[in-house]
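Below you'll find the structure, written out as structure tokens, and then a few comments.
Chains as they are written, first to last, in our numbering: chain A, 374 to 483; chain B, 9 to 125.
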């Protein structure tokens, strides 16, 4: 079983819509979760971190965490073409190495 | 915020040559650094964990004699791709957790695009 699984892409949404990205993880020890955004040819950049069950909002981004279900999601409201990128989910601190999901490629269509 | 500087950003070399990539933590001590490789349209694959003052830990399938890692100080880790071949062409990225805190976010270098002719 993979440690981190993300919803398969690519995902396309029209500009202004809500993009929903999902991630499940297998390690019950994980206490922190991070969403990174990666543009083509660039290194990942952190966009959200979440540590507690529930929702965390930051601007147009909302992360949701459910530790019992081992599920974390990222919602992007009012999606913009500049949000088009690959989004990586990563639990932190649960293993010797920090593992990344395969990523979900998001395309926001103008 | 914390910054990880990675150089060079792009390198083109001939097959058989060696290439060194540097990763520096600019305003924090990085006792640990991670080295990743990313092929087009694929996710980051952890190659090795670099530990200051000790040997690096390599992931399964990664040749330690080909990918030499040195972490001689708390702010510098280097990856040397020895006798590079076209199949080594990839995007190499380093990252570090601040102050060795594994539960915290990673700070990434800007990446090195290696092209081996």
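In this text, a Cβ means the ideal position worked out from N, Cα and C, and glycines have one as well. Just so we're clear, the structure is a prediction, and the values are computed from it rather than from any experiment.
Between the Cα of residue i and the Cα atoms of the options, which residue gives the shortest distance?
i, options, result
"residue 451/A", "439/A, 392/A, 402/A, 383/A", "392/A"
"residue 22/B", "85/B, 96/B, 61/B", "96/B"
"residue 122/B", "87/B, 57/B, 78/B", "87/B"
"residue 461/A", "17/B, 90/B, 113/B", "113/B"
"residue 51/B", "458/A, 465/A, 426/A, 480/A", "458/A"
"residue 417/A", "119/B, 72/B, 71/B", "119/B"
"residue 72/B", "79/B, 35/B, 59/B, 90/B", "90/B"
"residue 35/B", "64/B, 93/B, 13/B", "13/B"
"residue 443/A", "426/A, 387/A, 383/A, 420/A", "426/A"
"residue 420/A", "388/A, 410/A, 403/A", "410/A"
"residue 400/A", "436/A, 385/A, 454/A, 474/A", "474/A"
"residue 377/A", "446/A, 455/A, 479/A, 454/A", "446/A"
Among residues of its own chain, excluding the 5 on either side of residue i, which ones have a beta-carbon nearer than 6 angstroms to its beta-carbon?
i, result
"residue 38/B", "104"
"residue 102/B", "14, 31, 41, 43, 117"
"residue 422/A", "407"
Near residue i, which residues of its chain fall below 7 angstroms by C-beta distance, leaving aside the five closest residues on each side in sequence?
i, result
"residue 390/A", "452"
"residue 380/A", "394, 395, 477"
"residue 124/B", "21, 23, 92, 93, 94, 96, 97"
Does the beta-carbon of residue i have 16 or more other beta-carbons within 10 angstroms, so that it is buried, or is it exposed?
i, result
"residue 127/B", "The structure shown has nothing for residue 127/B, since chain B only spans 9 to 125."
"residue 47/B", "exposed"
"residue 385/A", "exposed"
"residue 16/B", "exposed"
For the beta strand (DSSP E) holding residue i, just list the boundary residues, first then last.
i, result
"residue 398/A", "392 to 398"
"residue 409/A", "405 to 411"
"residue 429/A", "427 to 431"
"residue 459/A", "458 to 465"
"residue 4/B", "The question about residue 4/B has no answer here: the residues shown for chain B are numbered 9 through 125."
When the Cα atoms are used, what is the spatial distance from residue i to residue j?
i, j, result
"residue 59/B", "residue 430/A", "35 angstroms"
"residue 56/B", "residue 64/B", "7 angstroms"
"residue 81/B", "residue 387/A", "48 angstroms"
"residue 482/A", "residue 62/B", "49 angstroms"
Using a Cβ cut-off of 8 angstroms, pull out every chain E residue sitting near residue i, in sequence order please.
i, result
"residue 479/A", "This model lacks chain E altogether, as its protein chains are A and B."
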